[in-house]
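Asks:
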Amino acid sequence: MKYPSSIVILTGAGISAESGISTFRDPDGIWSKIDYREVATPQGFAANPLRVHEFYNWRRRNVATVEPNAAHFALGRLEQEFRGEFLLVTQNVDSLHERAGSKRLIHMHGQHDKALCTACEQRCAWHGEMSLSSQCPHCGSVGYMRPDVVWFGEMPYEMDRIYTALTACDLFISIGTSGNVYPAAGFVREARKAGARTVELNLEPSEGAAHFNEAEHGPATSIVPAYVERMLRT
């Protein structure tokens, strides 16, 4: 394995599934039970904000009961020990990467533990329940708070920074992704155009598996720590 000078890693729901966080797109995932249009779109929030708050309050409670797993800790270790440029981009809205030590991290789909005021457009940390009577700590408005997560039809965060890193990296690794959620599903092609080696670490081949130079399939808690160990020994 040639030692890279710049790494971009993309993670999806599969890396947190072994911690006990439900995935969205698996046959028994969240979207098989709940209509995403009701809880994960601006239109759904406008039509029934209480329903949306109840859904994300449930998600926050779920995340609060779980711990980072071996794959999260392996990536935290890689960031600390890697001798080069490093960026971790996650589609997940949980905080398990941070709790495992990751710092050079972008939450492209936002975070459960942050809130956005639709009145003043300021963001803030948010660790408790959210309701129709929640007050913005910045402007004082009541009833304008929403989860700071990217809904269907909204633009993911920090895309310019992500694409800049993709065009400069020489190793791109995708972990626990379905390969059918854009724009993240297109990151592998951007990295390959820039000449990067591309690696998929997934439970099973993703929909974009053909675009990767290499692939290893199995539980993230097994294959990610093993891959990191091999890389750091190089």
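So for the sequence shown, the UniProt record's numbering puts the first residue at 1; every next one is plus one. Heads up, the beta-carbon is just placed ideally off N, CA and C, and yes, glycines get one too. Keep in mind it's a predicted model, so treat the numbers as computed, not measured.
1. If the criterion is Cβ atoms closer than 9 Å, does the pair H112 and V93 meet it?
2. Anyone know if the C-beta pair for T11 and T177 falls short of 9 Å?
3. Hey, would you say E158 sits closer than 9 Å to M231, going by beta carbons?
4. What separation, rounded to the nearest whole angstrom, lies between the Cα atoms of S131 and E214?
5. So who's on the other strand from N145, going by DSSP bridges?
6. Could you compute how far the alpha carbon of R37 sits from the alpha carbon of N202?
7. Among Y3, S5, G14, whose alpha-carbon lies nearest the alpha-carbon of H217?
8. Just mark C136 as buried or exposed, buried being the case when its beta carbon has 16 or more other beta carbons within 10 Å.
9. S22 to I30, Cα distance in whole Å?
10. Buried or exposed for T65, going by 16 or more other Cβ atoms inside 10 Å?
Replies: This is what the structure gives:
1. Yes; because the gap between Cβ atoms is below 9 Å, this pair is in contact.
2. T11 is a Cβ neighbour of T177, given a cutoff of 9 Å.
3. No, the Cβ-Cβ distance between E158 and M231 is not below 9 Å.
4. Near 46 Å, if we compare the C-alpha coordinates of E214 and S131.
5. The amino acid occupying residue 145 in the given sequence is Met; Asn does not appear at that position. For M145, which the question treats as bridged, DSSP gives the partners C117.
6. Near 28 Å, if we compare the C-alpha coordinates of N202 and R37.
7. When each option's Cα is compared against that of H217, the closest is G14.
8. So C136 ends up on the buried side.
9. Distance between the alpha carbons of S22 and I30: 7 Å.
10. Exposed, since its Cβ has fewer than 16 Cβ neighbours within 10 Å.
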